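*Asks:* Chains as they are written, first to last, in this note's numbering: chain X, 2 to 322; chain Y, 155 to 699.
Ideal placement from N, C-alpha and C gives every residue a C-beta, glycine not left out.
For clarity, every value in this text was computed on a predicted model and none was experimentally measured.
First the structure, which I've put down as structure tokens, then a few questions once you've had a look.
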Amino acid sequence: MRNGIEAAEYAAEIQRVVRYLGVSNGNMQEGSLRCDVNVSVRPIGQLQFGTKVEIKNLNAFSAVSRAIDYEISRQVLLHSQGQDKEIVQETRLWEEGAQKTVTMRKKEGLSDYRYFPEPDLPGVFLTQDYVDGIHNSLPELPEMKRRRYEKMGLSMQDVLFLANDMNVAEFFDTTIKKGADAKLAANWIMSDIAAYMKNEELSITEVKLSPQELAELIASIKDGTISGKIGKQILFELLAKGGTVKGLIEEKDLVQIVDPAEIEKMVEKVLSENPKQLDQYRSGKTKLQGYFAGQIMKLSKGKANPGLLNKILLEKLNAKS
Amino acid sequence: MLSTLQPPRSLSHFRTKPLLLRRHTSLKPLSSLSSQPVTHSTLTDQSQSQILSTRDSLLSRQITAAELAESFLARLRRTEPHLRSFLHVSDAVLTQARDLDDKLRRNEEVGPLAGVLVAVKDNICTAEMPSTAGSRVLEGYTPPYDATAVRKIKELGGIVVGKTNLDEFGMGSTTEGSAFQVTANPWDTTRVPGGSSGGSAAAVSARQSMVSLGSDTGGSVRQPASFCGVVGLKPTYGRVSRFGLMAYASSLDVIGCFGTSVADAGILLHAISGHDRLDATSSKREVPDLASQFVSISLLQSKPLKGLKIGLIRETLDDGVDIGVTSAIRTAALHLEELGCSVTEVSLPSFSLGLPAYYVIASSESSSNLSRYDGLRYGNQVAADELNSQYMDSRAKGFGSEVKRRILTGTYALSAGYYDAYYKRAQQVRTIIRKSFKAALDEHDILISPAAPSAAYKIGEKKNDPLAMYAGDIMTVNVNLAGLPALVLPCGYAEGGSAGLPVGLQMIGAAFDEEKLLGVGHIFEQTLQNCRFVPPLIADEDKPC
């Protein structure tokens, strides 16, 4: 690898993989995933690798990235000053505060482990069956997931977000398995649901909304049963308390009003109750359309289909009378 | 019963015809109903196998287990002040023997080792008896478990009579390295019994026990067998579980067997062999029936070993070897020829490299294995204010000088800057030696040599000259480096003592080919004229058995 960000991304992918496999939580802060780095530089054209320096005390991916970039520049600087001999094989510590690497205090003696091949542990011979068994039991790894999501037509931003956390990906996959449109599902997850999780400091496995209900929600909006706005309200309720979309619609009488006659009645009522504003509108204050729309929506208890509402409202407003 | 797994060159080409007359010994317990006819042994001479004759006598009610145990214990008590073979004698022997007699009286099934008194080297764990490895560091320590080999013996009805003396942690060739006492050779109590399994060899030689277990890392079963005039059997590495054997050098250690006959050593080996889940280095290979191929000599044809190719290792009969030993070995070679073998000299040029390679490897591995004796886990602790001091003081006080010598040597050989020159190089030599033995055993059924360059020497003679002591291992270490099986059996005498000093013939076989070694060894032993190898210390008894 050639720079800090490559290494940090690679480490992050390792973290993703071990989490996917369920073999570690991969938390660097807890020491479940540790990162030591070796850096060397060589002048362009030189075949032999330069002296490598080990860096320890890296506790986050960002530290990995910055420490590498720092060390690269430190070594390059020494080269440019003709002092490359000062680069010695040693272990340096990354100082997060000072944002630089420093020589470790010289130890009194060198650790000599005196390793020799352990005679009490003979060779382990893995059969092809065993290897195949492991291979077949692997879950879909991050890279495969990302490719699959890409093929669905999702943007790179969506792909990276969804595939980053195994549980989020699973939630997404279950939602679309129920028939929901991939892009819509991705949007819901990445915006409203993600915001809720962040606010409440919950993980996706902890929210009360199930992927099945998200799919139901998306379907209800798509087929016009409820409006998008109502959908968001329901979502919040589902996240916090659970329940079903159908149940909530019924309980709270949230079915969208799509009958033009009914909307027309409400439009006429609001217009008649607000003559002053109507006059102002007819004199040129067209911004008041929003005011009327708000009032009508309120009257309809939020159930009026916004598109239809505005169409009929505009008709009425522009009618000569 | 023939095993289903035949070694590369099977014995069949020189086995005697009447296979049907083979004793149907299996290691499944036989019912002891007195109305059933006792299965006749083809070994009609009782001296051929104490284990089998014990079984016959017990089942036919000629003797009780208690009577048998008492006679051994009486001899043990009488001879122990002269020999000091034992570090601990069990006080439960007669109880176990009487329990066995009860079972027999009730016509219950008893195992194939029922009533057999077994002595166990003190570096092998026994749950009811202290196990010290001959070291102050473990003085007073009783393990919470039996070694697998001990457990198997007990399951088959054997009685552990006690724990025998050894050089500390198996490091030494005389038992002078024991922290507690020096064992004497029953043939001449001013001489060493050999080591490190000196106590186990002396115990069997003086008939203090019927058979015994030892351990062999560089010759520690075979050399004392030679010095004490008994049979010593070192199995292939992996044949017997090492679980419960206190580790000295893990890639070299094996548990081995002593007996007064090849048949007894073979029956005991069969009892303790087999894969053990608790020892990852134990072999999963099926164990052939090592207990039932011992044919009576009366059934042998002339030249029963016709067609067998024996290689006498040339490098083992040169100037460094005592004349008494070379002469006994050459006589043994003639005897084998009389039996029909062809004996040719074979040269193993890498032979002498084994000794330095062994000492580098064994010391290195021991420097790791013995680090567990830190006074914290088990064993004796020297209190100190600080952890490192506690380690140092416990070890300084607990370990003897030979052990310290080997730990330091091993540490040095493994240290940075020296690993390549010593340890790595020694392992490369090991590969050469392994290959040369394999090549020789591809051309020969068995290789033979002395088990030691001399007969037993005087106590104190090599005590202050470790290198001279190490040099005595030259005949045996290569076998450990190559992981091969070997059998030592007494074949003659050298001068010394009041009745001469026994000399052992070493037979080396291909890996896992104990069956062939035992077959050939048995025939050699049974056809050796006038040689019953009973030490003068007990020869005055009318029937030492």
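What does DSSP give as the partner residues of Gly465 of chain Y in its beta bridges?
*Replies:* Within the second sequence, residue 465 of chain Y is the residue found at index 311, counting from 1. Answer is Y:Thr498 and Y:Leu601.
*Asks:* Is Leu127 of chain X close to chain Y, meaning its C-beta is less than 8 Å from at least one C-beta of that chain?
*Replies:* Numbered from 1 along the first sequence, position 126 holds the residue referred to as residue 127 of chain X. By this cut-off, Leu127 of chain X is not an interface position.
*Asks:* Taking C-beta pairs closer than 7 Å, name the residues in chain X that Leu568 of chain Y reaches, listed in chain order.
*Replies:* For the purposes of this step, residue 568 of chain Y is taken as residue 414 along the second sequence, with counting starting at 1. By Cβ distance, chain X contributes Arg115 and Phe117.
*Asks:* Which residues does DSSP list as the beta-bridge partners of Asn39 of chain X?
*Replies:* On the first sequence, residue 39 of chain X is found 38 positions in, with the first residue counted as 1. DSSP output for Asn39 of chain X lists X:Glu55 as bridge partner(s).
*Asks:* Keeping to the same chain, check which residues put their C-beta closer than 8 Å to that of Leu300 of chain X; ignore five residues upstream and five downstream.
*Replies:* By one-based count along the first sequence, residue 300 of chain X stands at place 299. Around Leu300 of chain X: Met267, Lys270 and Val271.
*Asks:* Say whether the segment 591-600 of chain Y touches the segment 547-554 of chain Y, bearing in mind that this needs 3 or more beta-carbon pairs closer than 8 Å, one atom from each stretch.
*Replies:* No: fewer than three Cβ pairs fall under 8 Å.
*Asks:* Under 8 Å between C-beta atoms, does Ala434 of chain Y make it to chain X?
*Replies:* Looking up residue 434 of chain Y in the second sequence gives position 280. Taking Cβ atoms only, chain X reaches closer than 8 Å to Ala434 of chain Y, which makes this a yes.
*Asks:* Anything in chain X within Cβ reach of Ser518 of chain Y, meaning under 7 Å, just list it in chain order.
*Replies:* Here residue 518 of chain Y refers to the residue found at position 364 of the second sequence. Phe117, listed in chain order.
*Asks:* Checking contacts by CB at 8 Å: is Asp121 of chain X closer than that to chain B?
*Replies:* Reference to chain B is not applicable here, since the protein chains of this structure are X and Y.
*Asks:* Anyone know if the C-beta pair for Ala287 of chain Y and Tyr299 of chain Y falls short of 8 Å?
*Replies:* Taking the first residue of the second sequence as position 1, residue 287 of chain Y is located at position 133. Taking the first residue of the second sequence as position 1, residue 299 of chain Y is located at position 145. The answer is no: Cβ separation not under 8 Å.
*Asks:* Give me the Cα-Cα distance between Pro45 of chain X and Arg75 of chain X, rounded to the nearest whole angstrom.
*Replies:* Counting from 1 along the first sequence, the entry for residue 45 of chain X is found at position 44. Counting from 1 along the first sequence, the entry for residue 75 of chain X is found at position 74. Checking the displayed sequence, the identity of residue 45 of chain X turns out to be Ile instead of Pro. Near 17 Å, if we compare the C-alpha coordinates of Arg75 of chain X and Ile45 of chain X.
*Asks:* Using the DSSP secondary-structure output, state which residues sit across from Arg345 of chain Y in a beta bridge.
*Replies:* Position 191 of the second sequence holds residue 345 of chain Y. According to DSSP, Arg345 of chain Y bridges with Y:Lys612.
*Asks:* Do you know whose CA, among Y:Leu659, Y:Arg232, Y:Ser327 and Y:Gly675, lies nearest Asp418 of chain Y's CA?
*Replies:* Against the second sequence, residue 418 of chain Y aligns to sequence position 264. Out of Y:Leu659, Y:Arg232, Y:Ser327 and Y:Gly675, Y:Gly675 has the C-alpha closest to the C-alpha of Asp418 of chain Y.
*Asks:* Going along the segment 541-565 of chain Y in order, which residues come within less than 8 Å of chain X, judged by CB to CB distance?
*Replies:* Hits within the stretch, in order: Thr565.
*Asks:* Using the C-alpha atoms, what's the distance from Gly637 of chain Y back to Thr128 of chain X?
*Replies:* Reading the first sequence from its first residue, position 127 is the one you call residue 128 of chain X. Reading the second sequence from its first residue, position 483 is the one you call residue 637 of chain Y. Roughly 26 Å between the two C-alpha positions.
*Asks:* Looking only at its chain, what residues have a beta carbon closer than 7 Å to the beta carbon of Pro607 of chain Y, apart from the 5 residues adjacent to it on each side?
*Replies:* Residue mapping note: residue 607 of chain Y aligns to position 453 of the second sequence, counting from 1. These residues qualify, in order along the chain: Gly474, Val475, Asp476, Val479, Gly626, Ile628 and Met629.
*Asks:* Can you tell me where the beta strand (DSSP E) with Arg93 of chain X in it begins and where it stops?
*Replies:* By one-based count along the first sequence, residue 93 of chain X stands at place 92. Element bounds for Arg93 of chain X: Thr92 to Glu96.
*Asks:* Using a Cβ cut-off of 8 Å (strictly closer), state whether Ser405 of chain Y contacts chain X.
*Replies:* In the second sequence, counting from the first residue as 1, residue 405 of chain Y sits at position 251. Judged by the 8 Å Cβ criterion, Ser405 of chain Y is in contact with chain X.
*Asks:* Identify each residue in the segment 502-535 of chain Y for which the Cβ-Cβ distance to at least one residue of chain X is less than 7 Å, and report them in chain order.
*Replies:* Of all residues in the segment 502-535 of chain Y, Ser518 and Glu519 have a Cβ within less than 7 Å of some Cβ in chain X.
*Asks:* Extract the residue ranges of the beta strand (DSSP E) inside the segment 478-558 of chain Y, only unbroken runs of 3 or more that lie entirely within it.
*Replies:* Fully enclosed beta strand (DSSP E) runs of 3 or longer: 496-500.
*Asks:* At 4 residues or longer, and completely inside the segment 403-461 of chain Y: list those alpha helix (DSSP H) runs for me, N to C.
*Replies:* You should have 416-426.
*Asks:* Could you give the distance in angstroms between the alpha-carbon of Leu659 of chain Y and the alpha-carbon of Thr208 of chain Y?
*Replies:* Along the second sequence, read from residue 1 onward, the residue named residue 659 of chain Y stands at position 505. Along the second sequence, read from residue 1 onward, the residue named residue 208 of chain Y stands at position 54. So the alpha carbons of these two residues sit roughly 27 Å apart.
*Asks:* Which residues of chain X have a Cβ atom closer than 9 Å to the Cβ of Tyr402 of chain Y, listed in chain order?
*Replies:* The residue labelled residue 402 of chain Y in the question sits at position 248 within the second sequence. By Cβ distance, chain X contributes nothing, its closest Cβ being about 11 Å from Tyr402 of chain Y, past 9 Å.
*Asks:* Among X:Leu22, X:Gln16, X:Ile15 and X:Gln234, whose alpha-carbon lies nearest the alpha-carbon of Ile135 of chain X?
*Replies:* As a working mapping, residue 135 of chain X is identified with position 134 in the first sequence. The residue with the shortest Cα to Cα distance from Ile135 of chain X is X:Leu22.
*Asks:* Can you name the residues of chain X whose CB is closer than 8 Å to the CB of Tyr577 of chain Y?
*Replies:* Here residue 577 of chain Y corresponds to residue number 423 of the second sequence, with the count starting at 1. Per Cβ cutoff of 8 Å: Phe117.
*Asks:* Excluding sequence positions up to five away, which residues of its chain have a Cβ less than 8 Å from the Cβ of Glu87 of chain X?
*Replies:* In the first sequence, counting from the first residue as 1, residue 87 of chain X sits at position 86. Closer than 8 Å at Cβ, skipping near neighbours: Leu79.
*Asks:* Return yes when the Cβ of Phe666 of chain Y is within less than 8 Å of the Cβ of Thr390 of chain Y, no when it is not.
*Replies:* As a working mapping, residue 390 of chain Y is identified with position 236 in the second sequence. As a working mapping, residue 666 of chain Y is identified with position 512 in the second sequence. Their beta carbons are under 8 Å apart, which means Thr390 of chain Y touches Phe666 of chain Y by this criterion.
*Asks:* What residues in its chain sit with their C-beta under 7 Å from that of Ala64 of chain X, if we drop five residues either side in the sequence?
*Replies:* Position 63 of the first sequence holds residue 64 of chain X. Hits under 7 Å: Trp95 and Glu97.
*Asks:* Is the segment 490-509 of chain Y touching the segment 395-408 of chain Y in the sense that three or more CB pairs, one from each, lie closer than 8 Å?
*Replies:* Contact between the segment 395-408 of chain Y and the segment 490-509 of chain Y is absent, because fewer than three Cβ pairs lie under 8 Å.
*Asks:* According to the neighbour-count rule (16 or more other Cβ atoms, all chains shown, within 10 Å of its Cβ), is Gly352 of chain Y buried or exposed?
*Replies:* Position 198 of the second sequence, counted from the start, is the residue given in the question as residue 352 of chain Y. The residue in question, Gly352 of chain Y, is buried, as its Cβ has 16 or more Cβ neighbours within 10 Å.
*Asks:* Give the straight-line distance between the Cα atoms of Lys388 of chain Y and Ser569 of chain Y, rounded to the nearest whole angstrom.
*Replies:* In the second sequence, the residue the question calls residue 388 of chain Y occupies position 234. In the second sequence, the residue the question calls residue 569 of chain Y occupies position 415. One C-alpha to the other measures close to 32 Å.
*Asks:* Under 8 Å, with one C-beta from each stretch per pair, do the segment 330-346 of chain Y and the segment 600-620 of chain Y reach the 3-pair mark?
*Replies:* Yes, the segment 330-346 of chain Y touches the segment 600-620 of chain Y.
*Asks:* Please return the same chain residues whose Cβ sits closer than 6 Å to the Cβ of Ser185 of chain Y, not counting the five positions on each side in sequence.
*Replies:* Residue 185 of chain Y sits at position 31 when you count from the first residue of the second sequence. Its pLDDT being 31, under 50, Ser185 of chain Y is placed unreliably by the model, and the measurement read from it follows with that caveat. Only Glu263 meet the Cβ criterion.
*Asks:* For the beta strand (DSSP E) that Cys645 of chain Y lies in, which residues bound it at each end?
*Replies:* Within the second sequence, numbered from 1, the residue matching residue 645 of chain Y stands at position 491. Its beta strand (DSSP E) spans residues Ala640 to Ala648.
*Asks:* What are the complete alpha helix (DSSP H) segments, minimum 4 residues, inside the segment 209-276 of chain X?
*Replies:* Runs found: 212-223, 229-242, 246-253 and 261-274.
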